[in-house]
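Numbering (the numbering used here), first residue to last: 1293 to 1349.
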């Protein structure tokens, strides 16, 4: 068998530096499935905040 799949390299202790957006981003257009108008807004986050999805109808 393929040893690379059975024994993946250890990643313990390896972390990516945190990143966030520099400024607010907004994109509008027609949705792919239903063709309805949709808007996506992304806002910068504070440190250690994580990712939050909020649906607003």
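Just so it is clear, CB atoms sit at the ideal spot from N, CA and C, and this is done for glycine as well.
- Between residue 1313 and residue 1339, the gap from beta carbon to beta carbon reaches 9 Å or more.
- For the pair residue 1317 and residue 1334, the Cα-to-Cα distance works out to about 5 Å.
- Secondary structure note for residue 1342: it is in no beta strand (DSSP E), with a DSSP letter that is neither H nor E.
- Note that the C-beta distance between residue 1344 and residue 1331 is not below 9 Å.
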